[in-house]
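*Asks:* Before we start, here is the structure in question, set down as structure tokens.
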Amino acid sequence: MMNSQEQVIWEDESLKKFNKMIARIPLFHREIARKVAFKKAELNAKERGSKKVEEPDIIKAFFSEVPMTFYSLMIKLLEDAGFDYKRYVAK
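To convert, take the position in the sequence shown, counting from 1, and add 1353; that gives my numbering.
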């Protein structure tokens, strides 16, 4: 298990998709969504023992941190950003 203080890096393509998605979140919610999802994605990577944030870490972060009220918007934004979320979400 990684030390919680260790830095993780972001896979380039995953970071591009993350930033594309964040840019499409309504301005009022954008910064909090960025902070919360970013932190959770890094935590997800660390929890699986990786030093690199990858697409599944980001998708799981959004699904665990975004309130159900915004679920349909989140799905649309994930799709628009090019995330293949269906691969990582249980039916």
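Just so it is clear, CB atoms sit at the ideal spot from N, CA and C, and this is done for glycine as well.
Just list the residues that DSSP pairs residue 1405 with in beta bridges.
*Replies:* Here residue 1405 is taken as the residue at index 52 of the sequence shown, counted from 1. The partner list for residue 1405 (beta bridge, DSSP) reads 1362.
*Asks:* So is residue 1386 buried or exposed if we call it buried at 16+ other beta carbons inside 10 Å?
*Replies:* Position 33 of the sequence shown, counted from the first residue, corresponds to residue 1386. By the neighbour-count rule (16 or more Cβ atoms within 10 Å), residue 1386 is buried.
*Asks:* With residue 1394 and residue 1414 assumed to form a contact (beta carbons below 8 Å), what rounded beta-carbon distance in angstroms separates them?
*Replies:* Here residue 1394 refers to the residue found at position 41 when the sequence shown is read from its first residue. Here residue 1414 refers to the residue found at position 61 when the sequence shown is read from its first residue. Their Cβ separation, rounded to whole angstroms, is 4 Å, which keeps residue 1394 and residue 1414 in contact under 8 Å.
*Asks:* Could you work out which residue in 1431, 1403, 1421, 1410 is closest to residue 1361 when comparing CA atoms only?
*Replies:* For the purposes of this step, residue 1361 is identified with residue 8 of the sequence shown, where counting begins at 1. When each option's Cα is compared against that of residue 1361, the closest is 1403.
*Asks:* Around the Cβ of residue 1376, are there at least 16 other Cβ atoms within 10 angstroms (buried) or fewer (exposed)?
*Replies:* Within the sequence shown, numbered from 1, the residue matching residue 1376 stands at position 23. So residue 1376 counts as exposed.
*Asks:* Within the continuous alpha helix (DSSP H) that includes residue 1427, where are the two ends?
*Replies:* Against the sequence shown, residue 1427 aligns to sequence position 74. First-last of the alpha helix (DSSP H) with residue 1427: 1424-1434.
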